[in-house]
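Residue numbering for the sequence shown follows this note's numbering, starting at 10 and increasing by one per position. Okay, structure first, notes after.
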Amino acid sequence: MSALIDPEEIAHETELVWLEDPTLLDYVRQSLDRLPSRRGKPAYHRDGRMVGYAILGKDAKPSRASGTFRRRVFWLLPHDRDQQPDGLYETGAPSEAIDPRTVAPKVKGYKTERSEGGPASPAMIALGIVLPAD
Numbered sequence: 010m011s012a013l014i015d016p017e018e019i020a021h022e023t024e025l026v027w028l029e030d031p032t033l034l035d036y037v038r039q040s041l042d043r044l045p046s047r048r049g050k051p052a053y054h055r056d057g058r059m060v061g062y063a064i065l066g067k068d069a070k071p072s073r074a075s076g077t078f079r080r081r082v083f084w085l086l087p088h089d090r091d092q093q094p095d096g097l098y099e100t101g102a103p104s105e106a107i108d109p110r111t112v113a114p115k116v117k118g119y120k121t122e123r124s125e126g127g128p129a130s131p132a133m134i135a136l137g138i139v140l141p142a143d
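Listed below in structure tokens is the structure:
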């Protein structure tokens with residue numbers, strides 16, 4: 010979850026790779042996954058879709074117990090606002106969600122008015138989707 014990500018856990022990030030344009034998304038979910046490598050597109054085993062992931066530098070060390078690396082993965086579920094604007098997250102956002110405009114390598118990101126259901130994203134505007142004013 011976003012609030013639980015310790016800055017030390019993302020200190021070895023060198024790059025974020027976006028599989029979708031993050032400026033078109035009001036929020037993305039982020040998590041720290043145990044992955045077998047520092048680089049490359051990780052396998053995705055959740056419902057929904059992966060929208061981005063972190064690349065780690067050579068100085069990142071694997072876990073002694075598992076040999077895996079903790080890397081951030083950004084994702085969305087089928088019931089998230091981008092797919093169901095009138096659904097569960099019409100306003101508000103999941104606890105692990107952050108505004109993708111606030112995230113960068115080594116920066117965990119945070120919620121904003123937009124991610125909580127405030128002003129519509131460019132994609133929503135282009136589709137003619139209007140969120141409630143309150």
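Beta carbons: idealized from backbone N, C-alpha and C, even for Gly.
- Beyond the five residues adjoining it in sequence on each side, Thr77 comes within less than 8 angstroms, by CB distance, of Arg43, Leu44, Pro45 and Pro71 in the same chain, given in chain order.
- Pro87 is the residue among Pro109, Pro87, Arg80 and Ala63 whose C-alpha sits nearest the C-alpha of Asp56.
- With 16 or more other CB atoms across the displayed protein chains lying within 10 angstroms of its CB, Arg81 is buried.
- DSSP, read as helix, strand or coil, puts Glu125 in coil.
- The continuous beta strand (DSSP E) containing Asp42 extends over residues Val37 to Leu44.
- For Arg79 and Ala135, the gap between their C-alpha atoms comes out near 36 angstroms.
- Partner residues in a beta bridge of Leu86, as assigned by DSSP, do not exist.
- Between Tyr36 and Gly96, the alpha-carbon positions lie close to 14 angstroms from each other.
- In this model, Arg110 and Ile64 are separated by some 18 angstroms (Cα to Cα).
- If you look at Ala63, you'll find it in the beta strand (DSSP E) that goes Arg58 to Leu65.
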